[in-house]
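**Student:** Just passing along the structure, written as structure tokens.
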């Protein structure tokens, strides 16, 4: 509880946390949607926002507000899949490399460095092109997860390297705890906050990459996400026709989402850094 | 000699290994896809409504198999693929048939290089300069305001940012041309008029890149300077009465700039793939637009060519940087 209270002292944390709560609530609203998001022509086309259609309707004959709830939901689901799966890879690679050292470390770090250096975006584009039609949301999440762990594995490894030199590691080994227990019970609490802050960054990366791929038309554009919503709006020349409510909805929602995620992660990592923490919560 | 044995050779081995892994990925990925690219191409032609008689189809299968480099076993294909790469032969583009991929890249590269070299250098210099000063004077009001602006700009995805800028400055206020690299139909010659025209068209894409680039460099540099600022040697210099301008430039920024030099090299490496979104949003005629068209038309050879070249470019940039690093950081000595 104290942890939460300290975090909420930062107005950026409070603000971004509230924005995220609102967005999640929006995503949950999709469960009560009166329309199926994949159906066309369920409402009159190209209507301006009004009380009946809160954010207007688009040229496909869909209600923009309910589309947006599905878009936010799917973008969040995607980012959670990508973020959590890549966290698992990053934790395993980082801990094994950091704890074992030697040959395992060298091989794993070579793999990590290769992933960091190779122009991943182009490779993802190549892959997405090939499986575009079969690219479901979880599959895209896994694809992004597979490419998104390298940097964080390095960060976790360096944390483990420093923990390994601490006294309690020696104590644990001498008192006969197994390596697995040592890593799980002793190291995980230290790594948890770091893992959480990299998770947020990774989620935001995944949403951004999905938007870029969607605008290039490289994902299944029948699944509503923030990216595909914008793609449809641009394809129907919504800017030239003046359908601002259609274009601005995904743009504004994504700006809020990205800024909120970023502020959340900055606020948490500032809290993690003992130097900035004392400035914020005072020495104790 | 110890330098060569201990540092240069392992580093070169790593360099070639990474290129090897990357290029192998470029070879393997298209082959992982279910279905035969040859038949897919033919099916695509058919679905566009052109009639093909059986004899033509047989001929096409043969030609396409050769063009895609799909003759023989997987291993034969792999060897042939490397053989062609080493000679710098990326095959011909399918979309703009029989133009060689390398020639297409050659036409587009100058536009991208011109735009991105300028913006990368500009945003690096401006961002580090302001960021360094803002980090040193982090308690001042202007420093906090700049930090606040960067906090909002930084997380916005580049596509959305560039798109907003285009809407505002080209559609609403009509200050800049909406698209293109030069006025339509203009012959490109070396005179003042052409130069001004190119500059005018490049301004908006450059602006979008520079603003975001400055925000990113600003933040990292500010953080770095704040860290150096709390080091003992800075406090000692202050107590010893060293002139403040000397502390800022020679003590603090000099130390904080080192990781940023790595960042600069990395962003030079990103030039090949980094321009994609910029060029699509502003319809700029560079490598990104070429890649975008290649993606839309499924032009494999072209995509593989651009990807392979950018892998080599990035790894080479990092290699050169690593070897030059002691020039900037006297603490690192290859002995």
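Chains as they are written, first to last, in our numbering: chain A, 1 to 284; chain B, 1 to 335. Don't be surprised by glycine CBs; every beta carbon is placed ideally from N, CA and C. Since this is a predicted model, take the numbers as computed values, not measurements.
#1: Could you say if the segment 298 to 309 of chain B and the segment 86 to 106 of chain B meet the contact criterion of at least three C-beta pairs nearer than 8 Å?
#2: With DSSP as the reference, please indicate the residues paired to residue 57 of chain A in a beta bridge.
#3: Could you check if residue 208 of chain A is buried or exposed, using at least 16 other CB atoms within 10 Å of its CB as the buried criterion?
#4: Does the beta carbon of residue 283 of chain A sit closer than 8 Å to a beta carbon anywhere in chain B?
#5: For residue 197 of chain A and residue 18 of chain A, what's the separation of their Cα atoms in angstroms?
#6: With DSSP as the reference, label residue 205 of chain B as helix, strand or coil.
#7: Identify each residue in the segment 18 to 45 of chain B for which the Cβ-Cβ distance to at least one residue of chain A is less than 8 Å, and report them in chain order.
#8: Relative to chain B, which residues along the segment 125 to 159 of chain A have a C-beta separation below 8 Å, given in chain order?
#9: Do we get a CB-CB distance below 8 Å when we pair residue 81 of chain A with the residues of chain B?
#10: Ignore the nearest five residues each way along the sequence and tell me which others in residue 224 of chain A's own chain have a CB closer than 7 Å to its CB.
#11: Look at the alpha carbon of residue 283 of chain A and the alpha carbon of residue 10 of chain A, and state the distance between them as a whole number of angstroms.
#12: What is the DSSP secondary structure of residue 284 of chain A, reduced to helix, strand or coil?
#13: From which residue to which residue does the alpha helix (DSSP H) around residue 149 of chain A run?
#14: Go to residue 254 of chain A, then tell me how far its alpha helix (DSSP H) extends in each direction, as first and last residue.
#15: Could you run through the segment 34 to 67 of chain A and flag, in chain order, every residue whose CB is less than 9 Å away from some CB of chain B?
#16: Grouping DSSP H, G and I as helix and E and B as strand, with all else coil, what is residue 145 of chain A?
#17: Classify residue 62 of chain A as buried or exposed, calling it buried when 16 or more other Cβ atoms lie within 10 Å of its own Cβ.
#18: So if I threshold CB-CB distances at 9 Å, which residues from the segment 187 to 201 of chain A count as touching chain B?
#19: Tell me the DSSP bridge mates of residue 189 of chain A?
#20: Does residue 212 of chain A come within less than 8 Å of chain B when only Cβ atoms are used?
#21: If we ignore side chains and look at the alpha-carbon of each, how far apart do residue 192 of chain A and residue 262 of chain B end up?
#22: Express the C-alpha separation of residue 172 of chain B and residue 123 of chain B in angstroms, rounding to a whole number.
#23: What residues in the segment 305 to 316 of chain B bring their beta carbon closer than 8 Å to a beta carbon of chain A?
#24: Please list, in chain order, the chain B residues whose beta carbon lies closer than 7 Å to that of residue 258 of chain A.
#25: Given a cut-off of 8 Å, decide if residue 160 of chain B and residue 265 of chain A are closer than it, judged by their beta-carbon atoms.
#26: Taking 8 Å as the threshold (C-beta atoms), are residue 140 of chain A and residue 77 of chain A in contact?
#27: Would residue 336 of chain B pass as an interface residue toward chain A - the criterion being a Cβ-Cβ separation below 8 Å?
#28: Applying a beta-carbon distance threshold of less than 8 Å, which residues of chain A neighbour residue 167 of chain B?
#29: Answer yes or no: does any C-beta atom of chain B fall closer than 8 Å to that of residue 208 of chain A?
#30: Go through its chain and collect everything with a Cβ distance to residue 48 of chain A's Cβ below 6 Å, but skip five positions before and after it.
#31: Can you say whether residue 152 of chain A is buried or exposed, counting buried as having 16 or more other CB atoms within 10 angstroms of its CB?
**Tutor:** In brief:
#1: Result yes; three or more Cβ-Cβ pairs closer than 8 Å.
#2: Residue 57 of chain A is bridged to A/63.
#3: Classification of residue 208 of chain A: buried, given that the 10 Å Cβ count is 16 or more.
#4: Caution applies to residue 283 of chain A, whose pLDDT of 46 falls short of 50 and renders its modelled position unreliable; the value that the coordinates give is listed next. It does not: the Cβ of residue 283 of chain A has no partner Cβ on chain B nearer than 8 Å.
#5: In this structure, the alpha-carbon of residue 197 of chain A lies about 17 Å from that of residue 18 of chain A.
#6: Residue state, collapsed to three classes: helix.
#7: For the segment 18 to 45 of chain B, which is checked against every Cβ of chain A, the residues closer than 8 Å are 18, 21, 22, 25, 26, 29, 30, 32, 33.
#8: Correct list: 125, 126, 127, 129, 130, 131.
#9: It does not: the Cβ of residue 81 of chain A has no partner Cβ on chain B nearer than 8 Å.
#10: Non-local C-beta neighbours of residue 224 of chain A in its own chain, meaning closer than 7 Å and more than five positions away in sequence, comprise 37, 67, 70, 71, 74, ordered along the chain.
#11: Only weak support exists for where residue 283 of chain A lies, its pLDDT of 46 falling under 50; the value from the coordinates is given anyway. Going from the Cα of residue 283 of chain A to the Cα of residue 10 of chain A covers about 16 Å.
#12: Low confidence applies to residue 284 of chain A: its pLDDT is 45, below 50, so where it sits in the model is not reliable enough to give any reading.
#13: Element bounds for residue 149 of chain A: n/a, residue is neither H nor E.
#14: Unbroken alpha helix (DSSP H) run through residue 254 of chain A: 244 to 272.
#15: Listed by position along the chain: nothing, the set is empty.
#16: When secondary structure is reduced to three states using DSSP, residue 145 of chain A falls in the helix class.
#17: Under this definition residue 62 of chain A is a buried residue.
#18: For the segment 187 to 201 of chain A, no residue has a beta-carbon sitting nearer than 9 Å to a beta-carbon of chain B.
#19: When DSSP reads this structure, residue 189 of chain A sits in no beta bridge, so it has no partner.
#20: True, the Cβ-Cβ gap to chain B drops below 8 Å.
#21: Going from the Cα of residue 192 of chain A to the Cα of residue 262 of chain B covers about 29 Å.
#22: When rounded, the distance between both Cα atoms is 26 Å.
#23: Residues passing the 8 Å Cβ filter: 306, 307, 310, 311, 314, 315.
#24: Going along chain B in sequence order, the residues near residue 258 of chain A (Cβ under 7 Å) are 155, 156, 157.
#25: No, the pair does not count as a contact, with Cβ atoms beyond the cut-off.
#26: Taking 8 Å as the Cβ cut-off, residue 77 of chain A and residue 140 of chain A do not qualify as a contacting pair.
#27: Nothing about residue 336 of chain B can be read from this structure; chain B reaches only from 1 to 335.
#28: Contact annotation for residue 167 of chain B against chain A: 239 [CB-CB distance below 8 Å, chain order].
#29: With 8 Å as the cut-off, residue 208 of chain A counts as an interface residue toward chain B.
#30: Taken in chain order, the residues that qualify are 56.
#31: Classification for residue 152 of chain A: buried.
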